[in-house]
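Remarks on the structure that follows.
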Amino acid sequence: MDKLKIAIQKSGRLYDDSIKLLKDCSIEVNIGIDKLKTTALNFPLEILFLRDDDIPQYLEDGVADIGIVGKNVLLEKRKKIKIKETLGFGKCRLAIAIPKSLVYKEINDLNGKRIATSYPFLVREFFEKKYIKAEIHEISGAVEIAPGIGLADCICDLVSSGSTLFMNGLKEVETILQSEAVLASNLHLREEQNIIMKKLLFRIRSVKKAKN
Ligand code: PRT
Ligand code: ZN
1 MDKLKIAIQK
11 SGRLYDDSIK
21 LLKDCSIEVN
31 IGIDKLKTTA
41 LNFPLEILFL
51 RDDDIPQYLE
61 DGVADIGIVG
71 KNVLLEKRKK
81 IKIKETLGFG
91 KCRLAIAIPK
101 SLVYKEINDL
111 NGKRIATSYP
121 FLVREFFEKK
131 YIKAEIHEIS
141 GAVEIAPGIG
151 LADCICDLVS
161 SGSTLFMNGL
171 KEVETILQSE
181 AVLASNLHLR
191 EEQNIIMKKL
201 LFRIRSVKKA
211 KN
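With UniProt numbering, the residue at position 192 of the sequence shown is 192, and numbering never jumps.
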C-alpha cells in the first residue's frame with residue numbers, strides 16, 4: 001500500500017507540537033536514535049525529520065508529500081505548494097522593531113533606514129506595498145542584536161512574548177504577518193496519497209474541534 005511522507009521539523013519550536021498532533025490523531029510513532037525518518041505503526045505515514053527552512057523546497061520537489069511548517073517560512077520561500085490546514089500552534093508574528101529610545105509616529109519613519117532580517121522577501125513586499133524605501137540586510141540569526149552593534153537601524157523578526165525585543169532595548173512598531181504552523185502539501189499527490197491525506201486531515205480537524 002502507498003504511504004504518505006510527512007516532513008516535520010527535526011528539532012526546534014515546532015517539533016514537540018508536531019509529534020503531539022500525530023499522537024492526538026492516534027498515530028503511533030516510534031522515534032529511533034538517528035531520527036532521520038520513521039514509519040508510523042498504525043497509519044500509512046512515513047515521517048521525515050528536516051530543518052524547517054528546507055521543508056517548502058522538499059514539498060515542491062515531492063521528496064515529502066506533506067509537511068508541517070510555519071506560515072512565515074512557507075510564505076518567505078514562495079514555493080509551489082498548498083496550505084491545507086492551519087494547526088493552531090507555533091503562533092507568532094513577524095514584526096518590525098526599532099530601538100526603544102527612538103520616536104515612532106508612522107510607517108514613513110522607516111524611510112531610508114537599514115533593516116536587518118531573515119525574511120528579506122516578506123519585508124521587501126511589505127515595504128513596496130507601503131511605498132517605503134529602506135535598505136534590507138539579510139542575516140540568518142541573532143537579528144535582534146543588529147541595531148546594538150551598528151549593523152542596522154531596525155529589525156524585522158519573529159516575536160511571540162516580546163521578551164527578546166525588550167531585553168535588546170527594542171520596541172515593536174509594525175506587524176507584517178501573523179503566523180502559525182500549517183500543514184502544507186505537494187501539488188501533485190497521487191490518487192492513493194490524496195485519500196491518505198484526506199483521512200489525516202479529517203483526524204486533524206477532529207482534534208482541532210475537540211480543543212475548541
Ligand atoms: O533548526 P531549524 O532551522 O529547523 O529551526 P529554526 O531555529 O530555524 O526555527 P525555530 O525552531 O526557532 O522556529 C521554528 C518556527 O517556530 C518558526 O519558523 C515560527 O513559525 C515558529 N515560532 C513561534 C517562532 C517563535 N514563535 C519565536 N518566538 N520562531 C522563532 N521565535 C524566536 C524569534 O526569532 C526570536 O529570536 O524567538 C525569539 C522571540 O521570542 P519572544 O518570546 O522573546 O518574543
Ligand atoms: Zn530554520
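Idealized CB from N, CA, C, for every residue including glycine.
Exercise. Taking only runs that begin and end inside the UniProt domain "ATP phosphoribosyltransferase catalytic" (51-205), name each unbroken beta strand (DSSP E) of 3 or more residues, in chain order.
Key: Fully enclosed beta strand (DSSP E) runs of no fewer than 3 residues occupy 66-70, 82-86, 92-99, 114-117, 135-138, 154-159, 170-179, 181-185 of the UniProt domain "ATP phosphoribosyltransferase catalytic" (51-205), in order along the chain.
Quiz item: In its own chain, which residues sit with a C-beta less than 8 Å from the C-beta of tyrosine 58, not counting the 5 before and 5 after it?
Solution: Cβ within range, chain order: Ala7, Leu48, Leu50, Ala64, Gly67.
Practice problem: Count the other C-beta atoms from every protein chain shown that fall within 10 angstroms of the C-beta of serine 161, then say buried if there are 16 or more, exposed otherwise. | Solution: The residue in question, serine 161, is exposed, as its Cβ has fewer than 16 Cβ neighbours within 10 Å.
Practice problem: Could you spell out where the alpha helix (DSSP H) holding isoleucine 19 opens and where it closes? | Solution: Here the alpha helix (DSSP H) through isoleucine 19 covers 15-24.
Self-check item: leucine 201 versus arginine 93: straight-line alpha-carbon distance, rounded
Solution: Cα to Cα, the separation comes out at about 25 Å.
Quiz item: Does the Cβ of lysine 80 have 16 or more other Cβ atoms within 10 Å, making it buried, or fewer, making it exposed?
Solution: Its Cβ having fewer than 16 others within 10 Å, lysine 80 is exposed.
Exercise. Under 8 Å by Cβ, that's how I've got valine 207 and tyrosine 104 pegged, so tell me the actual separation to the nearest angstrom.
Key: For valine 207 against tyrosine 104, the beta-carbon gap comes to about 41 Å, at or over 8 Å, which does not count as contact.
Practice problem: Name the two residues that bound the continuous beta strand (DSSP E) containing alanine 7. | Solution: Note, alanine 7: beta strand (DSSP E), 4-9.
Practice problem: Determine the closest residue to lysine 211 out of Leu187, Lys3, Asn186, Leu87, with distance taken between C-alpha atoms. | Solution: Minimum Cα distance to lysine 211 is reached at Leu87.
Self-check item: Per-residue burial, alanine 95 [other beta carbons within 10 Å of its own, 16 or more giving buried]
Solution: By the 10 Å Cβ count, alanine 95 comes out buried.
Self-check item: Residue range of the beta strand (DSSP E) that includes lysine 37
Solution: Its beta strand (DSSP E) spans residues 37-39.
Quiz item: Taking C-beta to C-beta, are isoleucine 155 and alanine 146 nearer than 7 Å?
Solution: Between isoleucine 155 and alanine 146, the gap from beta carbon to beta carbon is short of 7 Å.
Quiz item: Who sits around the ligand ZN, taking every residue whose Cβ is closer than 5 Å to one of its heavy atoms?
Solution: Cβ atoms closer than 5 Å to the ligand ZN belong to Asp52, Asp53.
Quiz item: Mind checking whether the beta-carbon of leucine 158 lies closer than 6 Å to any heavy atom of the ligand PRT?
Solution: Checking the Cβ of leucine 158 against the ligand PRT gives yes.
Exercise. Work out the CA separation of serine 101 and glutamate 60 for me, nearest whole Å.
Key: One C-alpha to the other measures close to 44 Å.
Quiz item: Around the C-beta of threonine 117, are 16 or more other C-beta atoms found within 10 angstroms, so that it is buried, or is it exposed?
Solution: Buried: at least 16 other Cβ atoms inside 10 Å.
Practice problem: With a threshold of 6 Å, establish whether the CB of valine 73 neighbours any heavy atom of the ligand PRT. | Solution: Valine 73 has its Cβ nearer than 6 Å to a heavy atom of the ligand PRT.
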